[in-house]
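Single-structure report; data block below.
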Amino acid sequence: MALYRLEMQNVSRANGVSSVAKAAYRHRSVMFDHRTGEIHGEKSANRDDLVYAEILAPDNTPDFLIKSSNDLWGFVEQTERRKDARTAKEFKITLPHDLSNEQNIALMKDFLLNHFVDKGIICDFVLHNDKGNKNPHAHVMITTREITPNGFGKKVREWDEEKTLHEWRKDWAKVQNRHLKKLGLKSRVSHRTLEEQKNIMIDLAKKAEDAKDFDKSILYLAKAIELDRPPMQNMSRKKWRTKEGQEQRKRDQAIRDKAREDARAVKVLRGVAVVDVASFTVHPLQKKEHLKNNDFSVKNSWWRSTVNFIKNIKAKFSTKKDIKPVQEKEPDLMIDPVTGLPITTQKWQEMSDRANVRTPQAEISYKVRQSDGEELKTPQNALQDVLEASGGKSIKVKSVPVPGSRRRRVIDKDSSDNG
Numbered sequence: 001m002a003l004y005r006l007e008m009q010n011v012s013r014a015n016g017v018s019s020v021a022k023a024a025y026r027h028r029s030v031m032f033d034h035r036t037g038e039i040h041g042e043k044s045a046n047r048d049d050l051v052y053a054e055i056l057a058p059d060n061t062p063d064f065l066i067k068s069s070n071d072l073w074g075f076v077e078q079t080e081r082r083k084d085a086r087t088a089k090e091f092k093i094t095l096p097h098d099l100s101n102e103q104n105i106a107l108m109k110d111f112l113l114n115h116f117v118d119k120g121i122i123c124d125f126v127l128h129n130d131k132g133n134k135n136p137h138a139h140v141m142i143t144t145r146e147i148t149p150n151g152f153g154k155k156v157r158e159w160d161e162e163k164t165l166h167e168w169r170k171d172w173a174k175v176q177n178r179h180l181k182k183l184g185l186k187s188r189v190s191h192r193t194l195e196e197q198k199n200i201m202i203d204l205a206k207k208a209e210d211a212k213d214f215d216k217s218i219l220y221l222a223k224a225i226e227l228d229r230p231p232m233q234n235m236s237r238k239k240w241r242t243k244e245g246q247e248q249r250k251r252d253q254a255i256r257d258k259a260r261e262d263a264r265a266v267k268v269l270r271g272v273a274v275v276d277v278a279s280f281t282v283h284p285l286q287k288k289e290h291l292k293n294n295d296f297s298v299k300n301s302w303w304r305s306t307v308n309f310i311k312n313i314k315a316k317f318s319t320k321k322d323i324k325p326v327q328e329k330e331p332d333l334m335i336d337p338v339t340g341l342p343i344t345t346q347k348w349q350e351m352s353d354r355a356n357v358r359t360p361q362a363e364i365s366y367k368v369r370q371s372d373g374e375e376l377k378t379p380q381n382a383l384q385d386v387l388e389a390s391g392g393k394s395i396k397v398k399s400v401p402v403p404g405s406r407r408r409r410v411i412d413k414d415s416s417d418n419g
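Oh and the sequence shown: position 387 is 387 in UniProt numbering, straight run, nothing missing.
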């Protein structure tokens with residue numbers, strides 16, 4: 001069985017990690033870090049899962065760098081001066097169980113030589129495996145600087161970019177599939193997520209349906225149904241050996257197996273039925289032109305069970321739909337006569353309607369006392385007319401608050417003139 005996993009992480013001093021310590025653990029050996037004076041790997045040196053180890057380097061690499069893994073990473077640690085320096089990158093790669101250790105070694109060399117070493121990168125890789133070929137995987141530590149006759153030169157920032165990692169993941173899938181095919185194995189891997197692969201299968205099913213190739217469309221749908229599940233969780237070696245880890249693996253495998261059973265049930269429709277990709281409805285092949293989407297009046301019990309199965313799949317399986325963008329009508333604009341700024345006709349109409357509505361809170365009345373003692377009640381907007389009609393006489397204006405309002409103000413015209 002072929003599984004895909006290629007994870008990358010930086011080996012950084014900022015995280016308290018030494019490249020010498022990493023290499024010692026991966027090589028199951030004891031190494032000395034000349035920069036810190038520490039000895040690493042004593043606890044893991046007795047493990048028996050190391051299958052193979054090798055350093056792959058460009059032709060122009062100085063010999064003193066690649067005498068041993070300890071020499072390589074010891075020199076790297078002495079070269080880097082920053083306290084938060086990234087001294088290496090480490091890859092964790094799952095290898096196919098169907099291949100022997102020798103075949104997996106050849107697979108790894110093909111990948112590393114053609115996609116890393118050719119770009120000037122030194123690769124220190126090891127292959128681990130449990131007895132019985134149950135957990136074959138590789139650890140690869142790569143350098144971060146260009147190679148010079150004296151050791152290392154400048155940092156290669158391109159190797160830190162996300163698109164570079166994406167290309168490495170894509171290349172690993174291609175190399176692995178090429179080896180699987182060469183060995184006559186049917187299993188294949190993909191660097192894409194399960195969700196991405198599922199959507200690709202749906203698109204292919206739509207194209208096959210448009211081409212009237214209904215059998216191929218059903219095969220693509222079956223593959224999409226098989227991919228419609230959560231990914232299996234990766235586990236550390238420590239968790240794998242626990243009861244909890246084994247139970248988690250059994251649950252993941254049960255979900256995967258159920259998806260495969262559902263896919264096989266759809267494949268039997270080839271030659272006898274048509275599955276509409278957009279609506280996930282099923283039609284007998286010979287009667288499709290005469291049946292509507294919701295017409296499943298077929299007496300055959302096998303057919304009814306198949307239709308019910310497809311309905312259940314539809315409930316949990318979402319397909320991508322072609323949605324045409326809605327073109328919104330551009331609003332009518334006008335110039336606000338007050339502000340002189342552009343405004344929509346609808347907004348201007350709403351503002352005009354609000355201005356024409358007279359509410360009780362807007363009606364503020366005033367008591368105007370003239371010099372002869374007579375009181376006149378006038379609305380707010382007529383106050384200026386009263387002042388002008390007074391002929392310069394002294395008047396007092398007293399506001400009468402609207403119910404619910406706390407505002408009360410007295411204006412003395414004489415005092416305002418003096419102020």
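Even glycine gets a Cβ: it sits at the ideal position worked out from N, Cα and C.
Keep in mind that this is a model prediction, so the values were computed, not measured.
Which listed residue (Ala88, Lys174, Glu77, His179) has its alpha carbon closest to that of Ser100
The count along the sequence shown starts at 1 and reaches residue 100 at position 100. If we check each option's Cα against that of Ser100, His179 comes out closest.
Any contact between the segment 102-121 and the segment 42-56? By contact I mean 3 or more CB pairs, one from each, below 8 angstroms.
Yes, the segment 102-121 touches the segment 42-56.
Span of the alpha helix (DSSP H) around Thr164
Here residue 164 refers to the residue found at position 164 of the sequence shown. Thr164 -> alpha helix (DSSP H) spans 162-182.
Reducing DSSP to helix, strand and coil, say where Thr345 ends up.
Taking the first residue of the sequence shown as position 1, residue 345 is located at position 345. Residue state, collapsed to three classes: helix.
For the beta strand (DSSP E) that contains Asp110, what are its first and last residues?
The count along the sequence shown starts at 1 and reaches residue 110 at position 110. Taken as a continuous stretch (DSSP letters only), Asp110 belongs to no beta strand (DSSP E), being part of the alpha helix (DSSP H) at 101-115.
Going by the DSSP bridge assignment, what does Gln9 pair with across the sheet?
Along the sequence shown, one-based indexing puts residue 9 at 9. Gln9 is bridged to Glu90.
Nearest neighbour of Glu196, chosen from Ile335, Leu56, Glu226 [CA to CA]
Mapped onto the sequence shown, residue 196 falls at position 196. Looking from the CA of Glu196, the closest CA among Ile335, Leu56, Glu226 belongs to Glu226.
What are the complete alpha helix (DSSP H) segments, minimum 4 residues, inside the segment 196-238?
Whole alpha helix (DSSP H) segments, 4+ residues: 214-227.
Do Phe125 and Leu112 count as a contact pair if the criterion is CB distance below 8 angstroms?
If you number the sequence shown from 1, residue 112 lands on position 112. If you number the sequence shown from 1, residue 125 lands on position 125. In contact: Leu112 and Phe125 (Cβ atoms closer than 8 angstroms).
Give the DSSP-derived three-state secondary structure of Lys83 in the structure shown.
Residue numbering aside, residue 83 sits at position 83 when the sequence shown is read from its first letter. Coil at Lys83, not helix or strand.
For Leu72 and Leu65, I'd like the C-alpha separation in whole angstroms.
Start at 1 with the first residue of the sequence shown, and residue 72 comes out as number 72. Start at 1 with the first residue of the sequence shown, and residue 65 comes out as number 65. Going from the Cα of Leu72 to the Cα of Leu65 covers about 5 angstroms.
Enumerate in chain order the residues of its own chain whose CB-to-CB distance from Gly153 is below 8 angstroms, with the five nearest sequence positions on each side excluded.
Within the sequence shown, the letter at position 153 stands for residue 153. Only Arg145, Glu146, Ile147 meet the Cβ criterion.
Measure the alpha-carbon distance for Met232 versus Asn135 and round it to whole angstroms.
Translated into the one-based positions of the sequence shown, residue 232 becomes position 232. Translated into the one-based positions of the sequence shown, residue 135 becomes position 135. Distance between the alpha carbons of Met232 and Asn135 is about 15 angstroms.
Beta-carbon contacts of Ala45 that lie in its chain and below 7 angstroms, excluding the five residues immediately before and after
Translated into the one-based positions of the sequence shown, residue 45 becomes position 45. If we look at Ala45 and ignore the five residues flanking it on each side, its Cβ neighbours are Arg28, Ser29, Val30.
Check Lys154 in the structure and name its three-state DSSP category.
Start at 1 with the first residue of the sequence shown, and residue 154 comes out as number 154. Three-state result, Lys154: strand.
Confirm, please, whether the CB-CB distance from Val189 to Tyr4 is below 8 angstroms.
Locating residue 4 in the sequence shown gives position 4, where the first residue counts as 1. Locating residue 189 in the sequence shown gives position 189, where the first residue counts as 1. It is a contact, given that the beta carbons lie within the stated cut-off.
Keeping to the same chain, check which residues put their C-beta closer than 7 angstroms to that of Arg35; ignore five residues upstream and five downstream.
Here residue 35 refers to the residue found at position 35 of the sequence shown. Hits under 7 angstroms: Glu77, Gln78.
Presumed contact (8 angstroms Cβ cut-off) between Lys92 and His139, rounded CB distance:
The sequence position of residue 92 within the sequence shown is 92, counting from 1. The sequence position of residue 139 within the sequence shown is 139, counting from 1. Contact flag correct, Cβ pair sits at about 6 angstroms.
Cβ separation of Asp33 and Ser18, assumed to be a contact under 8 angstroms, to the nearest whole Å
Counting from one through the sequence shown, the residue named residue 33 turns up at place 33. Counting from one through the sequence shown, the residue named residue 18 turns up at place 18. Indeed they touch by this definition, with Cβ atoms about 6 angstroms apart.
His27 - containing beta strand (DSSP E), residue span:
For this step, residue 27 is matched to residue 27 along the sequence shown. Taken as a continuous stretch (DSSP letters only), His27 belongs to no beta strand (DSSP E), being part of the alpha helix (DSSP H) at 19-27.
Ala224 to Phe75 span [Cα, whole Å]
Start at 1 with the first residue of the sequence shown, and residue 224 comes out as number 224. Start at 1 with the first residue of the sequence shown, and residue 75 comes out as number 75. Each residue's Cα considered, the two are about 50 angstroms apart.
Quick one: measure Cβ to Cβ for Leu56 and Val117, integer angstroms, because I've assumed they're closer than 8 angstroms.
Translated into positions along the sequence shown, residue 56 becomes position 56. Translated into positions along the sequence shown, residue 117 becomes position 117. About 5 angstroms; that satisfies the 8 angstroms criterion.
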